[in-house]
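As you go down the protein sequences, you meet chains A, B, C and D in turn. Each step along the first sequence adds one to the number in my numbering, with nothing skipped, and position 150 is 150. Numbers given in my numbering equal positions in the second sequence, counted from 1, plus 175. Numbers given in my numbering equal positions in the third sequence, counted from 1, plus 350. Numbers given in my numbering equal positions in the fourth sequence, counted from 1, plus 525. Each residue gets a CB set at the ideal place from its N, CA and C atoms; glycine is no exception.
4 protein chains.
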Amino acid sequence: MEKVRERIVRGAMKVFSTHGYFKAPVSKIAREAGVSKGLVFWYFRSKDELIHEAAARSLPIDILRECLETVQDKEELLRCVGERYLKKYSDPVMRNLMLQTLAVRTIYPEVEERLREMCSMYTRKMAKQIFGKDDVESRVKIRSFFGSLLCYSLRPPPDISVEEYLDNLITIILQ
Amino acid sequence: MEKVRERIVRGAMKVFSTHGYFKAPVSKIAREAGVSKGLVFWYFRSKDELIHEAAARSLPIDILRECLETVQDKEELLRCVGERYLKKYSDPVMRNLMLQTLAVRTIYPEVEERLREMCSMYTRKMAKQIFGKDDVESRVKIRSFFGSLLCYSLRPPPDISVEEYLDNLITIILQ
Amino acid sequence: MEKVRERIVRGAMKVFSTHGYFKAPVSKIAREAGVSKGLVFWYFRSKDELIHEAAARSLPIDILRECLETVQDKEELLRCVGERYLKKYSDPVMRNLMLQTLAVRTIYPEVEERLREMCSMYTRKMAKQIFGKDDVESRVKIRSFFGSLLCYSLRPPPDISVEEYLDNLITIILQ
Amino acid sequence: MEKVRERIVRGAMKVFSTHGYFKAPVSKIAREAGVSKGLVFWYFRSKDELIHEAAARSLPIDILRECLETVQDKEELLRCVGERYLKKYSDPVMRNLMLQTLAVRTIYPEVEERLREMCSMYTRKMAKQIFGKDDVESRVKIRSFFGSLLCYSLRPPPDISVEEYLDNLITIILQ
DNA sequence: CATGAATGAGCCTTCATTCAT
DNA sequence: AATGAATGAAGGCTCATTCAT
Numbered sequence: 001m002e003k004v005r006e007r008i009v010r011g012a013m014k015v016f017s018t019h020g021y022f023k024a025p026v027s028k029i030a031r032e033a034g035v036s037k038g039l040v041f042w043y044f045r046s047k048d049e050l051i052h053e054a055a056a057r058s059l060p061i062d063i064l065r066e067c068l069e070t071v072q073d074k075e076e077l078l079r080c081v082g083e084r085y086l087k088k089y090s091d092p093v094m095r096n097l098m099l100q101t102l103a104v105r106t107i108y109p110e111v112e113e114r115l116r117e118m119c120s121m122y123t124r125k126m127a128k129q130i131f132g133k134d135d136v137e138s139r140v141k142i143r144s145f146f147g148s149l150l151c152y153s154l155r156p157p158p159d160i161s162v163e164e165y166l167d168n169l170i171t172i173i174l175q
Numbered sequence: 176m177e178k179v180r181e182r183i184v185r186g187a188m189k190v191f192s193t194h195g196y197f198k199a200p201v202s203k204i205a206r207e208a209g210v211s212k213g214l215v216f217w218y219f220r221s222k223d224e225l226i227h228e229a230a231a232r233s234l235p236i237d238i239l240r241e242c243l244e245t246v247q248d249k250e251e252l253l254r255c256v257g258e259r260y261l262k263k264y265s266d267p268v269m270r271n272l273m274l275q276t277l278a279v280r281t282i283y284p285e286v287e288e289r290l291r292e293m294c295s296m297y298t299r300k301m302a303k304q305i306f307g308k309d310d311v312e313s314r315v316k317i318r319s320f321f322g323s324l325l326c327y328s329l330r331p332p333p334d335i336s337v338e339e340y341l342d343n344l345i346t347i348i349l350q
Numbered sequence: 351m352e353k354v355r356e357r358i359v360r361g362a363m364k365v366f367s368t369h370g371y372f373k374a375p376v377s378k379i380a381r382e383a384g385v386s387k388g389l390v391f392w393y394f395r396s397k398d399e400l401i402h403e404a405a406a407r408s409l410p411i412d413i414l415r416e417c418l419e420t421v422q423d424k425e426e427l428l429r430c431v432g433e434r435y436l437k438k439y440s441d442p443v444m445r446n447l448m449l450q451t452l453a454v455r456t457i458y459p460e461v462e463e464r465l466r467e468m469c470s471m472y473t474r475k476m477a478k479q480i481f482g483k484d485d486v487e488s489r490v491k492i493r494s495f496f497g498s499l500l501c502y503s504l505r506p507p508p509d510i511s512v513e514e515y516l517d518n519l520i521t522i523i524l525q
Numbered sequence: 526m527e528k529v530r531e532r533i534v535r536g537a538m539k540v541f542s543t544h545g546y547f548k549a550p551v552s553k554i555a556r557e558a559g560v561s562k563g564l565v566f567w568y569f570r571s572k573d574e575l576i577h578e579a580a581a582r583s584l585p586i587d588i589l590r591e592c593l594e595t596v597q598d599k600e601e602l603l604r605c606v607g608e609r610y611l612k613k614y615s616d617p618v619m620r621n622l623m624l625q626t627l628a629v630r631t632i633y634p635e636v637e638e639r640l641r642e643m644c645s646m647y648t649r650k651m652a653k654q655i656f657g658k659d660d661v662e663s664r665v666k667i668r669s670f671f672g673s674l675l676c677y678s679l680r681p682p683p684d685i686s687v688e689e690y691l692d693n694l695i696t697i698i699l700q
């Protein structure tokens, strides 16, 4: 049996992903998790705290960190990030939740900060590791890479497989 | 003096962009527009109707339609779309509002439908017009193009100008 | 027809006086005032604001101020304060409400401050005006005066009239 | 080591005295007493039961009973009551708690009853024992005595000592 | 005895919406 | 058209109370 706290987070992510952070009643989250409404507030001080937990899990920061730490080769790095990214967001819950998180960055400074860090630090690191430099062209390419992944996730074309898509994308970026 | 209805929509877009569609009280929108709360409901049947109007304006559909209608040359087409896109979303209100709109697509079927149309029909048309074909590589490139624009808008790199960025991007896509 | 805001305050005072400030639901206050619950929050930002208004009205500060301003003679001053005091708190609502207010002074600094002012400034002024001096005996007498009024209000002896009581009290204080 | 039950009552009195009976969460009381929340309900059937225990201890009934039983002389009786009273309520916890108790008399019939008994029976007994009679003047004096003690307790004048105050008060009452 | 997770009732507050003026 | 008072439905949160361990 999964731990209660984890069940609540899962339920929250599911409900948040379809209703949005602010239209999702805690009562619905509780029902989804199979617990009482009061218990949610035993594990989380407030709904905001639960939002923060869900928001943190919705971003691909973990993927970036891991791949950058473990992989050296440039093509392999792109593949590592690409594969995990597309896998993570093949789950509709995660996909929609990430969009919800992007939308609330103007409300929660912590979310904004996390996004800023992800966009600046990690893309810079990737540009360095892949192209050996950090010039305009490299950074445009990295952004195109992530942008493409995002676009694919948001609305996967029904007639292109993940592998095919990723192969093509990596080729374009590295050429 | 701007028309009242228009003032209300503008106010709504501004408030929606920072507070999100559901945390933005109609009272705040009215204050922003300089009218009474009651008047908002004279021009719009409900808050949802106002949300739909704002959501429609937040997407780049108008840009796609216009450029596809007026421009033939492939590079010119990419530049037409790119320039207008980056201009539209250089406004923080528009930028944030588009994110809000992406987030509510699971709630409003109309929004979902509009997005679906934009992603499938227009990207297909662009692929056709630019690459003459609609194969995997072409579509990956179009997605990379839009993804890159989106990424740039979300967090413009402080040391790269719009023109420079767009030039590089078009070169990468067309090579 | 009484003004709505005033009706709400009256209803609040009545409900507060029997249920206490914190056990009195706003819904009950609204019902007592004959308005909807939401309207209470149109006139008062929060329940706390309503509590403050009720608390301010529950104290005898107005009586002290008026009598000290208008009356010179010492016996007359005691009688002015005594009469109005006993009249004000002959109303069970006012009597109980004052007790509620005394009880929440540790929670609301504004209430504590108002009480402090009442106890120090006004008793000092009365001692000066009645006994011409501010020594220990005078101040003990003033406190006995107020204490006696308070005790009478809290539980009026069934077989002593207000006038009789006040006459006796003034005699004792002035002898 | 103090008995657990006693620790809980002490903790309750402390928390009640500052937060009031109804704003004081049982959890806070438990923390103050250094026990778990559940244990409070092992020793007391409900929070109300705990309130009653605290309320009973907050009143000066014990003082009245003891002094009336042991002391015969009138001045000595006043001094006995006065001294113990001022000592008991020199403790801010007791002082505030008594006010809280006065405030909840409209809610708990038992509290109301206890107060009624204290006010009628004991003041009557004191009047008899001190003045030999029970006429209006005597009872006004007794009320002035208690009222003065109450006033002193509520807000002790910073420049008058307990002894000095009590001496003066007894003189005034007995003259 | 003792703990703390779990429950559910109730309350304050917000806010979309209506309506008399 | 325009205002703002008035309403009622939720929703977030607290907290007394229970119960398995």
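### Message
Against chain A, does GLN350 of chain B count as a neighbour if the rule is that its beta carbon must be under 8 Å from one of theirs?
### Response
yes
### Query
Comparing the C-beta of LYS23 of chain A with each C-beta of chain B, is any distance below 8 Å?
Interface residue, yes.
### Message
Restricting to Cα atoms, I'd like to know which of C:LEU500, C:LEU447, C:ILE401, C:SER386 is closest to ILE457 of chain C.
### Response
C:ILE401
### Query
For the segment 144-161 of chain A, which residues have a beta carbon sitting closer than 8 Å to at least one beta carbon of chain B?
SER144, PHE145, PHE146, GLY147, SER148, LEU149, LEU150, CYS151, TYR152, LEU154, ARG155, PRO157, ILE160
### Message
Applying the 10 Å Cβ sphere with the 16-neighbour rule, what's the burial state of SER120 of chain A?
### Response
exposed
### Message
Any beta carbon of chain A sitting closer than 8 Å to that of GLU287 of chain B?
### Response
no
### Task
Go through the segment 368-393 of chain C residue by residue and report every complete run of the beta strand (DSSP E) that reaches 3 residues or more, in order.
none
### Query
So ILE655 of chain D and LEU603 of chain D are in contact, right, with Cβ under 8 Å, and what is the actual spacing, rounded?
7 Å
#### Entry: Cβ-based burial, PRO60 of chain A [other Cβ within 10 Å; buried from 16]
It counts as buried.
### Local Cβ density within 10 Å of SER211 of chain B, reported as buried at 16 or more and exposed below that
exposed
### Task
Could you work out which residue in A:GLU32, A:GLY132, A:ILE173 is closest to SER186 of chain A when comparing CA atoms only?
Nothing about residue 186 of chain A can be reported from this structure: the residues present for chain A run from 1 to 175 only.
### Query
Would you report the Cα separation of PHE321 of chain B and GLY82 of chain A, rounded to the nearest angstrom?
17 Å
### Query
In chain order, what residues of the same chain have a beta carbon less than 6 Å from the beta carbon of LYS316 of chain B, not counting five sequence neighbours either side?
ILE348
### Task
Taking 8 Å as the cut-off, decide whether the C-beta atoms of ARG357 of chain C and ALA374 of chain C are in contact.
no
### Query
If you draw a straight line from the C-alpha of GLU53 of chain A to the C-alpha of ARG116 of chain A, how long is it?
Their Cα atoms are separated by approximately 18 Å.
### Task
Determine whether the Cβ of LYS353 of chain C lies closer than 8 Å to any Cβ atom of chain D.
Look at LYS353 of chain C: its C-beta is not under 8 Å from any C-beta on chain D.
### Query
Touch check for the segment 356-370 of chain C and the segment 185-195 of chain B: three-plus C-beta pairs under 8 Å?
no
### Query
Going by Cα to Cα distance, which pick from D:THR543, D:GLN597, D:GLU527 is closest to ARG620 of chain D?
It is D:THR543.
### Task
Please go through the segment 125-168 of chain A and give each complete beta strand (DSSP E) segment of 3 or more residues, from N-terminal end onward.
none
### Query
Looking at chain A, which residues of the segment 286-312 of chain B have a Cβ within less than 8 Å of any of its Cβ atoms?
LEU290, ARG291, CYS294, SER295, VAL311, GLU312
### Task
Determine whether the Cβ of VAL551 of chain D lies closer than 8 Å to any Cβ atom of chain C.
For VAL551 of chain D, the answer is no, since every Cβ of chain C falls outside 8 Å of its Cβ.
### Query
Which bits of chain D does GLY370 of chain C rub up against, with CB to CB less than 9 Å?
Under the 9 Å cutoff, chain D gives GLY545, TYR546, PHE547, ALA628, VAL629, THR631, ILE632.
### Query
CA-CA distance, SER46 of chain A and LEU102 of chain A?
Approximately 21 Å between the Cα atoms of the pair.
### Message
Quick check on ARG57 of chain A - is its C-beta less than 8 Å from some C-beta in chain B?
### Response
no
### Task
Provide the residue span of the alpha helix (DSSP H) that contains LEU584 of chain D, from first to last.
No alpha helix (DSSP H) holds LEU584 of chain D; DSSP gives it neither H nor E.
### Message
Please classify ARG280 of chain B as buried or exposed, where buried requires at least 16 other C-beta atoms within 10 Å of its C-beta.
### Response
buried
### Spatially closest choice to LYS613 of chain D from D:ARG582, D:LEU593, D:PHE569, by CA coordinates
D:ARG582
### Nonlocal neighbours in the same chain, by C-beta distance under 6 Å from GLU287 of chain B, ignoring five residues either side
ARG280
### Query
Looking at the structure shown, is ILE63 of chain A part of a helix, part of a strand, or coil, going by DSSP?
helix
### Message
Once DSSP output is grouped into helix, strand and coil, what is the label at TYR472 of chain C?
### Response
In the three-state scheme derived from DSSP, where H, G and I count as helix and E and B as strand, TYR472 of chain C is classed as helix.
### Query
Of all Cβ atoms in chain A, is any one closer than 8 Å to the Cβ of LYS262 of chain B?
no
### Query
When the cut-off is 8 Å and only beta carbons count, does ARG429 of chain C lie next to chain D?
no
### Query
With DSSP run on the structure shown, which of helix, strand or coil describes ARG535 of chain D?
helix
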